[in-house]
Amino acid sequence: MIEVPVLIVGGGPVGLSASILLSRLGVASRLVERHSGTAFHPKARSINMRTMEVFRQCGIEEAVRAAGLSPERTGFIIWTESLAGREIERRVPKRSVAEAPITAAPHCLCAQDDLEPVLRRHAESLAPGAVTFETELTEFDQDADGVTATIRDARGETKIRARYMIGADGPRSRVRQTLGIPMNGTPAVYRSVNVLLNVDLTPWVSHRPAALYFVQQPGLQAVFLTINGINRWGFLINLPLAGPDEPYTPERCQAIVRRAAGVPDLDVRILGIDPWVAASLVAERFQSGRVFLAGDAAHTMPPTGGFGQNSGVQDVHNLTWKIAAVLKGWAAPALLDTYQEERRPYGKFVTEQSLRSAISMRRGVATDNDGPSAAADARPEFQNEIGMVFGARYASAAVIPDGTPPPTIENPVAQYTPSARPGERAPHVWLECNGRPVAVLDLVDFRFVLLAGERGSPWRDAARALSTSLGVPLSAYTVGAGADLEDPERRWATACEVEVDGAVLLRPDYHVAWRSRRGATEPKQVLERVLRNLLGNRA
Ligand SMILES: Cc1cc2nc3c(=O)[nH]c(=O)nc-3n(C[C@H](O)[C@H](O)[C@H](O)COP(=O)(O)OP(=O)(O)OC[C@H]3O[C@@H](n4cnc5c(N)ncnc54)[C@H](O)[C@@H]3O)c2cc1C
């Protein structure tokens, strides 16, 4: 029997991210992945700003960027009759235009088959011997103290005893099925064939670099997906649910690619063909006892807008610090209940919105008699989903409300107003330390961080004392003119709507846990009460 604090099932982007996060939090884990290698097909490609912030915290932002393409190389979204034919429309995604003042971690296009090796390499280097491929979870059971799982590899079966288990085992999750947790929603929205190509498309694309080239022809809905922008491409053939079920052979795919390119003699090599069905489903629960669901195991959505992998990585960003807090004894197990309370509403929101975007793009609608009109049909929110990227707003016992109303937002998909209201992702501001720029969120190095205004040193001193007495990893700084962190124009205080003697407490996942807009007469008592409440140690 192998004993380990956390067992992670699934070595996709979500499981691998969970492994890295737990290692960075100082928690040992074991990851099992049934396949021998990482993803072959470049499914997800768009890594949004919120996910890049997670990778930045993990110290792998640059490695991910190096494996992907910079935003200048994917600046447009294009609709066209064929690559060589008439261009119908091009758009510049608004969410990337908006990113500079919002984050220190701009979005990145990195195909899943390029991303996963980066994640695997880092996961393995942080937890040598604990990331095991060709190893399958076959069954598990749980009791009051832990989970007992059976895993199988080439040498046979082994039992693992873990305090907690994360099911990041994808849309057909065995973990979820064993727990008997139903999925709610639409199990089949449209069919699609994901084709991986080796073809040089530079003559038709290099003058208009785009992330997506939608091809609209009567009887054909297809998309060229940029991977390296030169000779490695993804290609999706989108089909209605009903229709002939003829196999997509390499020869057939080759002919469709040539037709979509508008180049009859195009030299194209088919590297892989992966038929799949788009679904829109959310698990009824994300937790059962000591077992948690994350990523596609918890929510499966159409890829329109690119939120599947992104929301999964953000699930484990929310979950792992809580598991670490409980295992290390500075939080009560009740903190873990807040994972589902916080992530399920967000998972449901992005799943439903991804479905609406897919439907607006006429996914699943027969195109036999249609002309090329999908560009006009795509709802304006498509590729303009800044509210979906940053809009996770948590309400749970791991957030202490301050009585202020949420910011007024007319369109939660397309609008985001940075706010330090408890539950929101903390606003990004550049500060200065010893003459060097520091992003506020970079201070959150897997710890709580208390930031106080320039006259908020009583909050800072109280936080530092409590960190020692309660054993909670908590850093504290003042921010403003002449403060620990220089902010002469008080942009941070303005963004957080606090007075010079106010304070904001950030959680290790960048969300605001608590805010006092001004000073208090007994800051240590106030803060101690806040921390005990947050961490479930209400004594
Ligand atoms: C065409 C396409 C385009 C997409 N584009 C985007 C995009 O741009 N952005 C985005 O965010 N998302 C996108 N997605 C969605 C994204 O690919 C998924 O959301 C993502 O792969 C989910 O990651 P995961 O780790 O939760 O699950 P998976 O990637 O499915 O990984 C689960 C892993 O668990 C393993 N496993 C399963 N059962 C067991 C077991 N019993 N024991 C051990 N291992 C097991 C599997 O082998 C698998 O490797 C796209 C999807 C498609 C199909």
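Residue numbers (this note's numbering): 7 to 545.
Note that the Cβ used here is the ideal one computed from N, Cα and C, for glycine as well.
Using a Cβ distance threshold of 7 angstroms, Leu333 and Ala168 do not count as a contacting pair. Within the same chain, Pro529 come within 6 angstroms of Pro464 by CB-CB distance, once the 5 residues on both sides are set aside. Within a 10 Å sphere around the beta-carbon of Thr86 sit 16 or more other beta-carbons, which makes this residue buried.
Only buried fits Met171, as 16 or more other CB atoms lie within 10 angstroms of its CB. In this structure, Glu122 has its CB at a distance of at least 6 angstroms from all heavy atoms of ligand 1. Between Asn234 and Asp206, the CB-CB gap reaches or exceeds 7 angstroms.
Asp321 has its CB no nearer than 6 angstroms to any heavy atom of ligand 1.
Taking the Cα of Gly409 as reference, the smallest distance to any Cα among Asn244, Ser522 and Pro270 is reached at Ser522.
Contact between Val297 and Val435 fails: their C-beta atoms lie close to 38 angstroms from each other, not under 8 angstroms. Less than 7 angstroms divides the Cβ of Val60 from the Cβ of Val319.
The Cβ-Cβ distance between Gly173 and Leu37 does not fall below 7 angstroms. At least one heavy atom of ligand 1 is found less than 6 angstroms from the C-beta of Gln315.
Secondary structure of Ala155 (DSSP, three-state): strand.
Around the beta carbon of Gln531, fewer than 16 other beta carbons sit within 10 angstroms, so the residue counts as exposed. Here the alpha carbons of Thr109 and Pro443 stand approximately 14 angstroms from one another. Cβ-Cβ distances below 7 angstroms link Glu130 to Val137 in the same chain, with the five nearest sequence neighbours on each side left out; the list follows chain order.
The residues Phe396, Tyr516 and His517, in chain order, have a CB closer than 6 angstroms to that of Arg431 in the same chain once the five nearest residues on each side in sequence are set aside.
In this structure, the straight-line span from the alpha carbon of Thr527 to that of Leu342 is close to 32 angstroms. Taking C-beta separations shorter than 7 angstroms and ignoring five residues to either side along the sequence, the partners of Tyr400 in its chain run Glu348, Gly429 and His517, following chain order. Annotation for Glu39 indicates a beta carbon within 6 angstroms of some heavy atom of ligand 1. Within 10 angstroms of the beta-carbon of Thr232 lie 16 or more other beta-carbons, which makes it buried. Within the stretch 47-112, the complete alpha helix (DSSP H) runs of at least 4 residues fall at 55-64, 67-73 and 100-103. Ranking Ile392, Ala404 and Leu31 by CA distance to the CA of Asn417 puts Ile392 first.
For Thr144, same chain residues with a beta-carbon under 6 angstroms away, outside a window of 5 residues either side, are Thr156 and Arg158 in chain order. Around the beta carbon of Cys439, fewer than 16 other beta carbons lie within 10 angstroms, which makes this residue exposed. If you compare the alpha carbons of Gln222, Ala34, Pro309 and Asp271 with that of Thr357, the shortest gap goes to Pro309. Of the residues assessed, Thr500 falls on the exposed side of the cut-off, its CB having fewer than 16 other CB atoms within 10 angstroms.
Of the heavy atoms belonging to ligand 1, at least one sits nearer than 6 angstroms to the Cβ of Pro19. Of the residues assessed, Gly186 falls on the exposed side of the cut-off, its CB having fewer than 16 other CB atoms within 10 angstroms.
By the Cβ-count criterion, Met189 is buried, with 16 or more other Cβ atoms from all chains shown falling within 10 Å of its own Cβ. Taking 8 angstroms as the upper bound for CB-CB distance, Asp175 and Ala303 are in contact here, some 5 angstroms apart. The bridge partners DSSP lists for Glu430 come to none.
For Gly173, DSSP records a beta bridge to Val15 and Leu299. Here Pro407 has Pro428 as same chain residues with Cβ atoms under 6 angstroms from its own Cβ, once five neighbours each way along the sequence are excluded. Per DSSP, the continuous beta strand (DSSP E) segment holding Thr232 begins and ends at Leu226 to Thr232. Taking 8 angstroms as the upper bound for CB-CB distance, Pro250 and Arg197 are not in contact here, some 11 angstroms apart.
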